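Asker:
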């Protein structure tokens, strides 16, 4: 029995040779290790390896379906654009209905099992964290320096840096906020997982893709997709809080999150109890 699991995620460290990962991508590794109780080994998804013949290569959190090969097993990944080109892998679950629609357009089978596995995070990390901030802002990693400059002298706002190697520390920072504004998809998803009101905003044009990943996720949790407001500068914490309040009905129902968690775990291929 293997003591490790092969997993592909978009790694800022291993692919881009940077010092820090992107929190949203690193969540895949974190959760697979928590669920499987095994060590995760990173491996490129589209390259040939002899191990492909006898050892699964899993693809989980991230808009990375264009990176996969036919030997991959997909559990919760999604598309980055509506015209994404995807190989015919084994699909157990995808992030949302729009990802499934694209897979079916390409002629592949894909079950109607939806959910970003990041929604499972509270089942594996649920600390008691004091609410220290009325507003947390989660910029996409490409937006961080821009947004940090706006609030560098305002201690009432928590700017959360997704350039990290510590999933639990960053998660605790999210939990410490009463509301979240985010240009990062997983800033929204993780906030929702912990029942924190969160709204997507846009700080720049530097995020790759056509925005389908946000609509894919929102549809998966029963919310109406919306186009984010473009914000060139936040003048006050009150302005940020008001923007979240305008959308507070967009918080997914706890029952919906629980149903997604259950359905994801039903098809999870690396549960420790199954090994």
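Numbering (our numbering), first residue to last: 166 to 440.
Virtual Cβ for every residue (Gly too), placed ideally from N, Cα, C.
In this text the structure is predicted, and so the values were computed from the model without any measurement.
Helix, strand or coil: which one does DSSP assign to residue 437?
Answerer: Residue 437: helix per DSSP, three-state reduction.
Asker: Do residue 169 and residue 199 have their C-beta atoms within less than 7 Å of each other?
Answerer: The answer is no: Cβ separation not under 7 Å.
Asker: Give me whichever residues DSSP pairs with residue 395 in a beta bridge.
Answerer: In DSSP, residue 395 forms a bridge with 367.
Asker: Compare the beta carbon distance of residue 366 and residue 394 with 7 Å and say whether it is the shorter of the two.
Answerer: Contact: yes.
Asker: Measure the alpha-carbon distance for residue 306 versus residue 335 and round it to whole angstroms.
Answerer: Between residue 306 and residue 335, the C-alpha separation is close to 13 Å.
Asker: What's the gap between the Cα of residue 342 and the Cα of residue 437?
Answerer: Rounded to the nearest angstrom, the two C-alpha atoms are 32 Å apart.
Asker: Quick check on DSSP: helix, strand or coil for residue 247?
Answerer: Looking at residue 247 - three-state DSSP - the assignment turns out to be coil, as it is neither helix nor strand.
Asker: Can you look up residue 277 in the DSSP assignment and give me helix, strand or coil?
Answerer: If DSSP states are grouped into helix, strand and coil, residue 277 belongs with coil.
Asker: Determine whether the beta carbon atoms of residue 352 and residue 303 lie at a separation below 7 Å.
Answerer: The answer is yes: Cβ separation under 7 Å.
Asker: With DSSP collapsed to three states, give me the class of residue 343.
Answerer: Three-state DSSP puts residue 343 in coil, outside helix and strand.
Asker: Let's test the definition: count the other Cβ atoms within 10 Å of the Cβ of residue 439 and tell me whether it reaches 16, buried, or not, exposed.
Answerer: Legend: pLDDT at residue 439 = 45, less than 50; position of this residue unreliable, no value from coordinates given.
Asker: Could you tell me the alpha carbon to alpha carbon distance between residue 425 and residue 358, rounded to whole angstroms?
Answerer: Cα to Cα, residue 425 sits roughly 11 Å from residue 358.
Asker: According to DSSP, is residue 409 helix, strand or coil?
Answerer: Looking at residue 409 - three-state DSSP - the assignment turns out to be helix.
Asker: In the DSSP assignment, find the unbroken alpha helix (DSSP H) run with residue 267 in it and report its ends.
Answerer: Here the alpha helix (DSSP H) through residue 267 covers 262-270.
Asker: In terms of residues, what are the limits of the alpha helix (DSSP H) holding residue 352?
Answerer: Unbroken alpha helix (DSSP H) run through residue 352: 350-358.
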